[in-house]
Amino acid sequence: MKKPRALGWLAMILLLVVNGTAWAATDRSEKRRAARDTRQETRQDARQTKQDCRAADAKSNPECRQDKRETRREGRQKARDIKY
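Rendered as structure tokens:
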């Protein structure tokens, strides 16, 4: 009599562990996706920043390039904050 009950408990514990692992994997994948989306949006923003800078003709091309790099750096940091 005790054996079936022990097997039931063991099965229940195993099921909880497997579900917990699956949930954690899903959570990580959602964070990765959000971080990737942030980086992609940042790329577009950086391109727009450089185009606006060059169109305004207020800075030289290297200065506009630095603005673009800074925008991308900030975006990568936001993505890291989301992911980790």
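Here the sequence shown stands for residues 1 to 84, where the numbers follow this note's numbering.
Using N, Cα and C, we set each Cβ at its ideal position, and we do this for glycine too.
The C-beta distance from Lys68 to Lys50 rounds to 4 angstroms, short enough to meet the 8 angstroms contact threshold. Three or more Cβ pairs drawn from the stretch 62-76 and the stretch 38-47 lie within less than 8 angstroms of each other, which places the two stretches in contact.
Across the structure, Gln48 and Asp27 are spaced so that their CA atoms are roughly 32 angstroms apart. Ser60 carries a coil assignment under DSSP once its states are collapsed to helix, strand and coil.
Here the C-alpha atom of Gly75 lies approximately 7 angstroms from the C-alpha atom of Thr38.
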